[in-house]
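I have placed the structure first, in the form of structure tokens, so that the comments after it can refer back to it.
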């Protein structure tokens with residue numbers, strides 16, 4: 001298991017939005033988790049509070065984008081790494097390894113390198129013509145824009161939209177999501193454009209389109225512009241100027257502040273956390289048109305989440321960072337790295353408790369979320385104390401499911417707009433009314 | 001790359017620098033602008049190759065030295081009975097990584113500045129070349145239509 005994980009985990013890096021790609025690991029818990037992830041991507045709009053069927057799009061981590069983070073495209077593991085796994089299979093049962101291979105195959109299909117085992121390393125050694133093939137283009141652009149990370153970013157924005165205390169408007173929601181997605185694509189493309197020689201030298205990122213010469217830098221920039229400009233325009237004109245401004249600011253922050261800062265100072269982590277916190281704020285402002293305390297709280301939760309997530313991740317990548325010249329806390333200030341991760345785990349507990357104070361959720365939210373917040377804080381404490389690979393891994397994997405779970409719980413505990421208005425009514429009736437108004 | 005090809009060819013990653021070398025196609029009637037672009041790309045490629053090959057080599061060397069000195073301090077041989085190379089665990093290596101990064105920070109800052117400048121210049125030239133080519137193609141089409 002460990003061996004498998006290590007192979008998978010090479011080069012998890014800065015994540016644009018500090019999200020890490022889905023891990024396909026032959027671990028029962030995680031296999032169902034993956035499946036659960038895919039389910040969660042769909043909106044089940046059954047407005048029934050008791051069942052809480054409304055599955056929110058999960059914002060899980062795929063390394064990432066807006067912050068790919070540096071690490072973000074995580075060890076989606078390059079396909080050629082799958083071959084060394086065969087010795088490990090001997091220790092597993094037949095079915096387990098078959099499952100694993102199936103998972104890996106399905107994973108590989110959605111991965112950057114879609115090539116089967118063996119063939120890829122051979123192809124890699126050949127000289128390739130630098131001509132753009134149109135049928136390859138969608139795949140190349142998907143990888144350039146870090147589409148999976150973008151999807152996660154859009155889902156955090158949707159979470160922000162859903163949590164806003166206003167009646168749900170479908171068109172606004174779709175426009176906001178599309179605009180955010182386009183902005184994220186643009187930012188990720190520029191990030192890859194800037195970092196070609198560095199990406200070549202890090203295991204996690206060496207199969208990106210620009211590194212492999214599958215697309216020219218000019219085309220990458222044009223693509224970024226053709227995503228970014230319409231995206232921001234869509235947000236500004238189709239939603240509201242505030243959301244557009246936040247989107248533009250976030251692109252700027254990610255490409256012009258975070259990306260260069262990664263190689264200059266450890267402050268990049270904090271900037272990257274802000275980059276990750278802005279999409280839910282954008283979702284909220286798209287719905288309400290103003291920056292209220294609720295938006296900031298949601299942003300704050302995502303901001304705090306980035307630290308345990310990213311710091312735990314970066315703990316295993318110290319060699320690549322050191323050689324690549326990236327200034328990360330895990331390399332230069334390891335003590336600070338762990339302290340900050342723990343601090344922000346605890347902050348999550350505090351922030352969850354503030355939610356009902358601001359009338360965003362009922363008091364059930366801090367209570368229900370307490371177990372998961374305590375658990376991640378416990379892992380954060382273990383990471384702080386032990387400072388080893390296994391504790392960093394545990395914390396990282398916990399952060400992967402912690403955030404979607406937290407957002408889901410938050411949504412189910414959301415204080416209904418109407419409940420606040422007609423306080424005197426019976427709960428049943430107000431729910432009915434809510435259903436009437438919310439369904440089109 | 002084959003002789004009849006009209007495009008650039010990109011190869012496998014270099015052993016030392018991890019960068020992929022590009023063989024640039026020289027069109028028979030290369031304009032001054034296209035020449036400038038090709039020169040800029042070749043120069044950037046050479047400079048990147050130099051930097052990373054040296055840098056990675058230094059990293060590997062210093063890592064070996066560090067492992068050797070630490071193992072010696074611990075009193076452990078470089079190779080144990082089975083002939084396997086002795087290594088240090090991640091926590092012990094962390095000191096080395098921290099040192100290496102801080103030693104090379106200035107070098108990286110300089111390289112970053114150079115790389116950003118080169119990258120933007122190359123992309124800008126690419127844009128200019130593409131524009132000129134597009135205009136030429138449009139003019140050619142107009143001529144064909146008029147004929």
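Chains as they are written, first to last, in the UniProt record's numbering: chain A, 1 to 440; chain B, 1 to 147.
Glycine included, every Cβ here is placed at the ideal spot set by N, Cα and C.
query	result
Taking residue 366(A) as the reference, give the member of 126(A), 376(A) and 351(A) with the closest Cα.	351(A)
Would you call the region 225 to 235 of chain A and the region 355 to 372 of chain A in contact, with 3 or more CB pairs under 8 Å?	no
From what residue to what residue does the alpha helix (DSSP H) around residue 131(A) run?	That residue, residue 131(A), is in no alpha helix (DSSP H); it is neither H nor E in DSSP.
Return the chain-ordered ranges of every alpha helix (DSSP H) run that is complete within the region 228 to 305 of chain A and spans a minimum of 4 residues.	241 to 252 and 268 to 288
Exposed or buried, residue 377(A), counting other C-beta atoms within 10 Å across all chains shown (16 or more means buried)?	buried
Spell out whether any CB of chain B is found under 8 Å from the CB atom of residue 53(A).	No answer about residue 53(A) holds up, because its pLDDT of 37 lies below 50 and its placement is not dependable.
Can you look up residue 61(A) in the DSSP assignment and give me helix, strand or coil?	Unreliable positioning characterises residue 61(A) in this predicted model, as indicated by a pLDDT of 39, which lies under 50. A coordinate reading is not provided.
Name, in chain order, the residues that DSSP records as bridge partners for residue 23(B).	9(B)
Select from the region 108 to 137 of chain B all residues with a C-beta closer than 8 Å to any C-beta belonging to chain A, and list them in chain order.	108, 109, 111, 112, 115, 116, 119, 122, 123, 126, 127 and 130
Measure the C-alpha to C-alpha separation of residue 195(A) and residue 20(B) and round it to an integer number of angstroms.	14 Å
Would you say residue 218(A) reaches chain B, if we count a Cβ-Cβ gap shorter than 8 Å as a contact?	yes
Which first and last residues belong to the alpha helix (DSSP H) in which residue 410(A) is found?	389 to 412
Is the beta carbon of residue 172(A) less than 8 Å from the beta carbon of residue 295(A)?	no
Measuring alpha carbon to alpha carbon, tell me which residue in 372(A), 353(A) and 371(A) is nearest residue 363(A).	353(A)
Could you give the residue range of the alpha helix (DSSP H) that holds residue 209(A)?	209 to 212
I need the straight-line Cα distance from residue 165(A) to residue 415(A), nearest angstrom please.	8 Å
Taking contact to mean at least 3 C-beta pairs separated by less than 8 Å, is the region 119 to 131 of chain B in contact with the region 92 to 105 of chain B?	no
Taking the CB atoms as reference points, tell me whether residue 303(A) and residue 276(A) lie closer together than 8 Å.	yes
Between the region 150 to 163 of chain A and the region 25 to 40 of chain B, are three or more C-beta pairs nearer than 8 Å?	no
When you compare only the Cα positions, how much space is there between residue 240(A) and residue 169(A)?	14 Å
Three Cβ pairs or more, each shorter than 8 Å: is that satisfied between the region 387 to 399 of chain A and the region 314 to 325 of chain A?	yes
When we look at the beta-carbon of residue 60(B) and count the other beta-carbons within 10 Å, is it buried (16 or more) or exposed?	exposed
What distance in whole Å lies between the Cβ atoms of residue 214(A) and residue 444(A), which are believed to be in contact at a cut-off of 8 Å?	The structure shown has nothing for residue 444(A), since chain A only spans 1 to 440.
Taking the alpha carbon of residue 145(A) as the reference point, which residue from 155(A), 131(A), 189(A) and 201(A) has its own alpha carbon closest?	189(A)
For residue 187(A), collect the residues of the same chain with a Cβ closer than 6 Å to its Cβ; drop the 5 residues on either side in sequence, then sort them by chain order.	66, 251, 254 and 255
Measuring from the CB of residue 370(A), is there a heavy atom of the ligand ZN at a distance below 7 Å?	This structure simply doesn't include the ligand ZN, nor any ligand for that matter.
Just the C-alpha distance for residue 406(A) and residue 273(A), rounded to the nearest angstrom, thanks.	18 Å
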